[in-house]
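Undergrad: I am attaching a structure below and will ask some questions about it afterwards.
2 protein chains.
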Amino acid sequence: MSIEEYASRIIVSLDPPGGVEIGEWLERVYTSLKGLVAGWKVGWPLILRWGVERVRSFLASASGVRLLDLKLADIYNTMRSVVDVFVDVVDAVIAHSFIGVEGALAELKKLLEEYGVKLVLVYTMSHPGASEVMDQCLDRIDEVVERVKPWGLVAPATRPSLVSRARRRYGDLVIFSPGVGAQGAAPGSAICAGADYEIIGRSIVASPDPLRSVYGLSASAAKILSSCT
Amino acid sequence: MSIEEYASRIIVSLDPPGGVEIGEWLERVYTSLKGLVAGWKVGWPLILRWGVERVRSFLASASGVRLLDLKLADIYNTMRSVVDVFVDVVDAVIAHSFIGVEGALAELKKLLEEYGVKLVLVYTMSHPGASEVMDQCLDRIDEVVERVKPWGLVAPATRPSLVSRARRRYGDLVIFSPGVGAQGAAPGSAICAGADYEIIGRSIVASPDPLRSVYGLSASAAKILSSCT
Chain V
212 MSIEEYASRI
222 IVSLDPPGGV
232 EIGEWLERVY
242 TSLKGLVAGW
252 KVGWPLILRW
262 GVERVRSFLA
272 SASGVRLLDL
282 KLADIYNTMR
292 SVVDVFVDVV
302 DAVIAHSFIG
312 VEGALAELKK
322 LLEEYGVKLV
332 LVYTMSHPGA
342 SEVMDQCLDR
352 IDEVVERVKP
362 WGLVAPATRP
372 SLVSRARRRY
382 GDLVIFSPGV
392 GAQGAAPGSA
402 ICAGADYEII
412 GRSIVASPDP
422 LRSVYGLSAS
432 AAKILSSCT
Chain H
212 MSIEEYASRI
222 IVSLDPPGGV
232 EIGEWLERVY
242 TSLKGLVAGW
252 KVGWPLILRW
262 GVERVRSFLA
272 SASGVRLLDL
282 KLADIYNTMR
292 SVVDVFVDVV
302 DAVIAHSFIG
312 VEGALAELKK
322 LLEEYGVKLV
332 LVYTMSHPGA
342 SEVMDQCLDR
352 IDEVVERVKP
362 WGLVAPATRP
372 SLVSRARRRY
382 GDLVIFSPGV
392 GAQGAAPGSA
402 ICAGADYEII
412 GRSIVASPDP
422 LRSVYGLSAS
432 AAKILSSCT
């Protein structure tokens with residue numbers, strides 16, 4: 212995989228670093244990387260610090276895949292109130308599979324389908340604590356994934372065996388892997404384990420030169436991927 | 212339990228009904244009920260529709276317990292960015308226990324303690340889907356609760372046996388029970404099962420006369436609680 216090919220598998224997590232002026236920072240990251248990376252992941256930190264309207268307007272004009280990562284994990288009535296605010300300016304929405312189907316993910320998927328927006332479920336997370344409950348309950352989570360039939364899954368680059376498990380079970384789902392860079396996983400390692408995209412935040416967005424960081428990460432990834440079996 | 216005693220065990224969930232002018236609606240609900248109910252639960256629907264600054268300013272001057280219910284379920288770094296925005300104007304913050312301790316709830320609890328803010332963990336939720344994964348993983352969730360030692364738990368009025376389970380295991384934790392009213396549980400039923408507070412949303416906040424609704428709910432609850440064993 213070439214440097215450009217790897218970069219086209221990066222989703223940039225747009226969580227603003229401390230102390231930046233958000234508008235300038237986002238403009239710099241976006242203009243440096245658009246067309247090179249696959250897309251963007253937006254979550255609560257950006258929404259809270261920049262405001263709903265500015266985030267909506269950025270998303271409305273952004274090119275690339277737009278993932279809304281609010282880690283939705285509430286009853287449907289509440290998730291609907293939240294999703295309603297962004298559903299016309301995103302391509303996919305991330306929710307926790309842990310909350311189950313009835314009264315939650317079944318209704319959420321139906322709502323998103325009405326808007327042509329895709330559902331991505333968290334299979335398990337990238338931090339150590341995810342192995343305490345979520346990893347232990349993966350058989351139940353698999354049942355939820357099988358019933359809901361989402362478009363994609365989030366599986367952790369930090370525990371590549373779980374990316375492989377998701378890939379083996381769900382050949383047709385798009386797998387996004389967070390945990391690359393600041394959280395410790397090597398660039399390319401999740402793709403090697405079966406992910407379609409690697410989600411990278413701080414290593415890119417907290418860099419003074421996001422483009423150079425993407426090239427650096429991509430060069431590392433190219434090495435891993437050349438020996439990936 | 213008298214009507215006033217029951218009312219003092221209600222936490223009002225301030226999720227705005229569709230179509231209302233938020234400022235007027237909130238003023239009406241708050242002035243009708245302050246001093247009568249125990250406190251207020253604020254979540255994403257209000258924050259998104261009314262804006263961070265107005266919600267902060269409401270919370271800063273609100274009397275009663277102020278629960279921030281963002282159903283936090285992310286890695287610590289992200290939860291911190293979110294909590295930082297509200298930590299000086301709330302009394303307690305609700306997070307999901309299924310995200311585990313390391314890299315998530317341990318650090319969150321420490322952060323909150325620095326601000327004198329309490330942590331409330333979701334034990335399991337009120338909708339039917341919660342029985343598909345969360346209820347099945349309660350032994351693991353219990354391990355998290357025992358390690359984190361939160362101030363309180365959220366347990367569902369809609370499945371009172373789980374409120375009882377939480378009460379039996381955690382005699383010293385404050386238990387909040389959602390699911391009363393619109394979601395189907397009878398007022399008083401969760402307190403009967405061992406909860407300290409019942410969280411009520413739509414039945415009160417979507418009512419044209421919130422005070423009358425609280426009295427109506429409290430009268431029903433008083434009946435249940437008089438025969439509660």
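Going down the list, the protein sequences come from chains V and H. Take the position in the first sequence, starting the count at 1, then add 211; the result is the number in this note's numbering. Take the position in the second sequence, starting the count at 1, then add 211; the result is the number in this note's numbering. Glycine is no exception: its CB is placed at the ideal position from the N, C-alpha and C atoms.
1) Anything in chain V within Cβ reach of proline 339 (chain H), meaning under 9 Å, just list it in chain order.
2) Kindly provide the ranges of any alpha helix (DSSP H) runs that are 4 or more residues long and lie completely inside the region 252-308 of chain H, ordered along the chain.
3) Going by C-alpha distance, which of H:Val331, H:Ala432 and H:Arg291 is nearest glutamate 357 (chain H)?
4) Which residue marks the beginning of the alpha helix (DSSP H) containing glutamate 409 (chain V), and which one marks its end?
5) Report the partner residues of serine 224 (chain H) according to the DSSP bridge assignment.
6) How about aspartate 299 (chain V): is its C-beta nearer than 8 Å to some C-beta of chain H?
7) Would you mind sorting tyrosine 241 (chain H) into buried or exposed? The rule is 16 or more other CB atoms within 10 Å of its CB.
8) Relative to the C-alpha of isoleucine 410 (chain H), which candidate in H:Leu349, H:Ser308, H:Ser429 and H:Glu343 has its C-alpha closest?
9) Within 8 Å of any Cβ in chain V, is that where the Cβ of proline 256 (chain H) sits?
10) For a test of the three-state rule: what should DSSP assign to alanine 377 (chain H), helix, strand or coil?
11) Please name the residue, chosen from V:Leu364, V:Ala406 and V:Ser438, that lies closest to valine 304 (chain V) on a Cα-to-Cα basis.
12) Over what stretch of residues does the beta strand (DSSP E) that includes isoleucine 386 (chain H) continue unbroken?
13) Between which residues of its own chain and serine 424 (chain V) is the CB-CB distance below 7 Å, once the five residues before and five after are set aside?
14) At the level of alpha carbons, what is the spacing between glutamate 238 (chain V) and aspartate 295 (chain H)?
15) Considering only C-alpha positions, which residue in the set V:Ser437, V:Asp350, V:Tyr426 and V:Asp346 is nearest to threonine 369 (chain V)?
16) For leucine 330 (chain H), does the three-state DSSP call read helix, strand or coil?
17) When DSSP builds the beta bridges, which residues end up paired with alanine 430 (chain V)?
18) In three-state DSSP terms, what is glycine 314 (chain H)?
19) Hey, arginine 351 (chain H) and valine 312 (chain V): beta-carbon distance below 8 Å or not?
20) If we define contact as Cβ-Cβ less than 8 Å, is methionine 212 (chain V) a contact residue for chain H?
21) Over what stretch of residues does the beta strand (DSSP E) that includes glycine 234 (chain V) continue unbroken?
22) For arginine 379 (chain V), count the other beta carbons within 10 Å of its own beta carbon; 16 or more makes it buried, fewer makes it exposed. Which is it?
23) Give a yes or no on whether the C-beta atoms belonging to proline 371 (chain H) and threonine 335 (chain H) are separated by under 8 Å.
TA: Here's the rundown:
1) Residues of chain V passing the Cβ test: Gly311, Val312, Glu313, Gly314 and Ala315.
2) Whole alpha helix (DSSP H) segments, 4+ residues: 255-261, 263-272 and 287-294.
3) Cα-wise, what sits closest to glutamate 357 (chain H) is H:Val331.
4) Run containing glutamate 409 (chain V): none in the alpha helix (DSSP H); it sits in the beta strand (DSSP E), 408-411.
5) According to DSSP, which records beta bridges pairwise, serine 224 (chain H) is partnered with H:Lys252.
6) So, not an interface residue.
7) Result: buried.
8) For isoleucine 410 (chain H), the nearest C-alpha among the options comes from H:Ser429.
9) Chain V contact via Cβ: present.
10) Three-state result, alanine 377 (chain H): helix.
11) Ranking the options by Cα distance to valine 304 (chain V), first place goes to V:Leu364.
12) Element bounds for isoleucine 386 (chain H): 385-391.
13) For serine 424 (chain V), where only same-chain residues beyond five positions count, the Cβ hits under 7 Å are Ser414, Ile415 and Ser418.
14) Those two C-alpha atoms are separated by around 24 Å.
15) Of V:Ser437, V:Asp350, V:Tyr426 and V:Asp346, the smallest CA-CA separation from threonine 369 (chain V) is found for V:Asp346.
16) Looking at leucine 330 (chain H) - three-state DSSP - the assignment turns out to be strand.
17) Alanine 430 (chain V) is not bridged to any residue.
18) Residue state, collapsed to three classes: helix.
19) No, the Cβ-Cβ distance between arginine 351 (chain H) and valine 312 (chain V) is not below 8 Å.
20) Not flagged as an interface residue toward chain H: methionine 212 (chain V), since no C-beta distance is shorter than 8 Å.
21) First-last for glycine 234 (chain V): 233-244, but that is the alpha helix (DSSP H), not the beta strand (DSSP E).
22) Classification for arginine 379 (chain V): exposed.
23) Taking 8 Å as the cut-off, the Cβ atoms of proline 371 (chain H) and threonine 335 (chain H) do not count as close.
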